[in-house]
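I have placed the structure first, in the form of structure tokens, so that the comments after it can refer back to it.
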Amino acid sequence: GKAAKPKPAFTDEAVQTLLYKMTGLDLQKVFRPVKKGLKPPSYKLMTEAQLEEATRKAIEEAKVKLIMPPVLNEREPIDDVLAEDQVLEGTETAKYVFTDLSNSIPHRERFIVVREPNGVLRKATWEERDRMIQIFFPKEGRKVIPPTLFKDENLGTVFQQDRHEDVLNMCVAQFEPDSPDYIRVHHRTYEDIEKHAKYDLLRSTRHFGGMVWYLVNRKKTDGLLIDMINRDLLEDATSLITLYHMLHPECQSAKEAKEGKLQGVDLIKVFAKTESQRGGYIQLALQAYEEAMATSSAS
Amino acid sequence: CTNRPFFRIVAANSKRARDGKYLEQLGCLDPLPNAHGEKVAGLNLERLRYWLGCGAQLSRPAEKLLGLAGFLPLHPMTVTGAERLRRRRQREQQPEAAPADGSAEPGTA
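Protein sequences, first through last, are from chains D and S.
Under the numbering used here, think of the first position of the first sequence as 650, with each following residue one higher.
Under the numbering used here, think of the first position of the second sequence as 13, with each following residue one higher.
Written out as structure tokens, the structure is:
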């Protein structure tokens, strides 16, 4: 039989560390003012030590804000019949949805059953469950009926306005992480970003890790790599390639890297030669980077 | 609003008025179907079990509702009501069928 190592999952520590390093920590963008009521800014007079203390605390808070929302597989539709009573057929006109309102049960385990007009007592589908839970236990940022923004036609308009981050935040608030709508909206957003190479929009947000995971799983990492090299983020580029090798250990560049134990720029060169479709672009970008490094170190 | 019913499933002293002071609210039922064609009902089963354990008794509509929900077995009156309805509908259809046949036959014959 096969003794293959299980494929690394999104939640593995090594994967998470790599993704987190790539997300970057741009304090200016993380604490960019959320559109709230206008207040005049407050100024404080601090010594150097106090300023360092404040920056350290800000970094802690930023780390909390950058916790990535989970990436799960699509959930299986529920299809469970509890009872069939043919006697009741024809008495009712509408279905009855019964929700268990006990406070101490987690939402995943609640009993939500539907009695159809033909007498069948079945468990509610995931959409019915989400709606009922939102009616009886409202959560902030969620609506009972998902906003029309999440339909495919309207997503295009929002993408033209470069508001991918807002869409993803709303999606995280509205849907469960394993619902098909959540996954569809996220995939659409990542596709659009990859098509127009707008990687920087998500760079210091908590959605960056998810995007990188999606791209690496589908081997569409070339654009992102070029973007990173152009912005002189070589460590991020190397971590991206390490992640790629962790997820696809049978590819050519992974084997070469393991044999030669390559680091840094060599890793990128091997990757550009063997795996990527736009190898030429990557090598051009690398050359430009090296020239820039040479001129800056010479002067 | 007027003529817009909404029922609360409640644990109360049996001598109280229908809408009077109750001990605890255990759920609700909206008898009008919503935009998705459902009649929404919520039941706090944990507290229901507590009150039943304390020795509360259910009213007949409450028993019927819990029978429909599946918490209790189906109430026999629900079954009887369904059968009576079916018989009434059959009786209404037969007289329609008989005069309809009677008036159609002279036409065809």
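Backbone N, C-alpha and C define an ideal beta-carbon position, used for all residues, glycine too.
Note that the coordinates shown come from a computational prediction; the quantities given were computed from them, not determined experimentally.
For residue i, return the contacting residues in chain D, with the cut-off set at a CB-CB distance below 8 Å.
i        : result
Asn25(S) : Those within 8 Å of Asn25(S) in chain D number zero; the least Cβ separation is about 22 Å.
Val52(S) : Val746, Thr748, Met781 and Ile784
Leu97(S) : Gly739 and Thr740
Leu55(S) : Phe747, Thr748, Asp749 and Leu750
For a contact meaning CB atoms closer than 9 Å, what does residue i contact in chain S?
i         : result
Leu737(D) : Leu80, Leu86, Thr90, Val91 and Ala94
Taking 7 Å as the limit between beta carbons, can you name the residues of its chain near residue i, skipping five residues before and five after?
i         : result
Leu676(D) : Ala707 and Ala711
Tyr900(D) : Looking at the sequence itself, residue 900(D) is Cys, so the reference to Tyr does not match. So the list reads Glu924, once near-sequence residues are dropped.
Gly650(D) : Residue confidence for Gly650(D) is low, a pLDDT of 34 falling below 50, so the modelled location carries little weight and cannot support an answer.
Trp775(D) : Arg724, Pro726, Ile727 and Ser828
List the residues of chain S whose Cβ lies closer than 7 Å to the Cβ of residue i, in chain order.
i         : result
Leu770(D) : Gly82
Which residue wins for smallest C-alpha separation from residue i, given the options the options?
i         : options                                       : result
Phe799(D) : Phe680(D), Glu843(D), Glu697(D) and Met819(D) : Met819(D)
Asn46(S)  : Ser945(D), Thr672(D), Ala886(D) and Ile794(D) : Ile794(D)
Ala822(D) : Leu851(D), Lys788(D) and Ser853(D)            : Lys788(D)
Ala732(D) : Arg100(S), Gln106(S) and Phe83(S)             : Phe83(S)
Leu168(S) : Glu95(S), Arg96(S) and Glu75(S)               : Limits of chain S in this structure are 13 at one end and 121 at the other, which puts residue 168(S) out of reach.
Report the neighbours of residue i on chain D: residues whose CB is nearer than 9 Å to its CB, in chain order.
i        : result
Glu58(S) : Asp749, Leu750, Ser751, Asn752, Ser753 and Ile754
To the nearest angstrom, report how far apart residue i and residue j are at their CA atoms.
i         : j         : result
Arg780(D) : Leu896(D) : 37 Å
Glu104(S) : Met89(S)  : 22 Å
Pro755(D) : Ile782(D) : 11 Å
Pro17(S)  : Tyr831(D) : 36 Å
Gly79(S)  : Phe747(D) : 11 Å
Arg59(S)  : Thr740(D) : 30 Å
Ala23(S)  : His48(S)  : 30 Å
Lys670(D) : Ser888(D) : 8 Å
Leu70(S)  : Glu723(D) : 42 Å
Phe680(D) : His813(D) : 17 Å
Arg927(D) : Glu701(D) : 43 Å
CB-CB under 6 Å to residue i, same chain, minus the five flanking residues each way: which ones, in chain order?
i         : result
Ala53(S)  : Leu41
Phe920(D) : Ile890 and Ser902
Leu39(S)  : First, the residue type needs correcting, since residue 39(S) is Gly and not Leu in the sequence shown. Cβ neighbours of Gly39(S) beyond the five flanking positions: Ile21, Gly54, Leu55 and Asn56.
task = Could you please tell me which residues of the segment 703-720 of chain D, in chain order, have their CB closer than 9 Å to any CB of chain S?
result = Flagged: no residues at all.
ask   = What residues in the segment 727-754 of chain D bring their beta carbon closer than 9 Å to a beta carbon of chain S?
value = Those would be Leu731, Ala732, Asp734, Val736, Leu737, Glu738, Gly739, Thr740, Glu741, Thr742, Ala743, Lys744, Tyr745, Val746, Phe747, Thr748, Asp749, Leu750, Ser751, Asn752, Ser753 and Ile754, in chain order.
inquiry  = Please list, in chain order, the residues of the segment 754-767 of chain D that have any C-beta partner in chain S closer than 9 Å.
reply    = Cβ contacts with chain S come from Ile754, Phe760, Val762, Val763 and Arg764.
message = What are the residues in the segment 27-53 of chain S lying within 7 Å of chain D by C-beta distance?
response = Look at the segment 27-53 of chain S: the residues with a C-beta under 7 Å from a C-beta of chain D are Gly39, Pro45, Gly49, Glu50, Lys51, Val52 and Ala53.
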